[in-house]
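Visitor: Pasting in a structure now, in structure tokens, and then I'll have a few things to ask.
Right, here's the structure in full:
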């Protein structure tokens with residue numbers, strides 16, 4: 043409830059993008075134990091990356107009262123995850 047997952051199956055690998063304005067904390071639904079958990083700034087927003095030093099499985103952040111997470115079925119380079127985050131535009135309202 044409160045999570046709108048968006049699934050993109052590009053290049054044979056699933057990418058789950060979730061957002062929520064009501065749920066707080068980690069909304070990724072990822073319960074794995076990752077070797078590396080690091081936080082860094084992407085365009086002034088604090089983003090938490092989980093995975094390895096260079097490749098990540100998960101990125102999560104809060105911006106403008108909206109919680110976000112990107113979960114990658116196959117790990118991607120941290121710079122690729124940052125580029126995706128940089129290009130995400132938050133929806134102001136959801137319509138169905």
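Numbering (this note's numbering), first residue to last: 43 to 138. Just so you know, even glycine gets a beta-carbon here, dropped at the ideal spot from N, CA and C.
#1: Excluding sequence positions up to five away, which residues of its chain have a Cβ less than 7 Å from the Cβ of residue 79?
#2: Among 97, 98, 105 and 77, which one has its Cα closest to the Cα of residue 86?
#3: Within a Cβ cutoff of 6 Å, which residues of the same chain sit near residue 68, ignoring the five residues on either side of it in sequence?
#4: Let me know if residue 116 comes out buried or exposed under the rule of 16 or more other beta-carbons within 10 Å of its beta-carbon.
#5: With H, G and I counted as helix, E and B as strand and the rest as coil, what does DSSP make of residue 105?
#6: Would you decide whether residue 73 is buried or exposed? Buried here means 16 or more other CB atoms lie within 10 Å of its CB.
Guide: For this structure:
#1: Excluding sequence neighbours, residue 79 sits near 90 and 92.
#2: 105
#3: Closer than 6 Å at the Cβ level, and outside the excluded window around residue 68, lie 102.
#4: exposed
#5: strand
#6: Residue burial is scored here from C-beta neighbours: residue 73 has fewer than 16 other C-beta atoms within 10 angstroms and is therefore classed as exposed.
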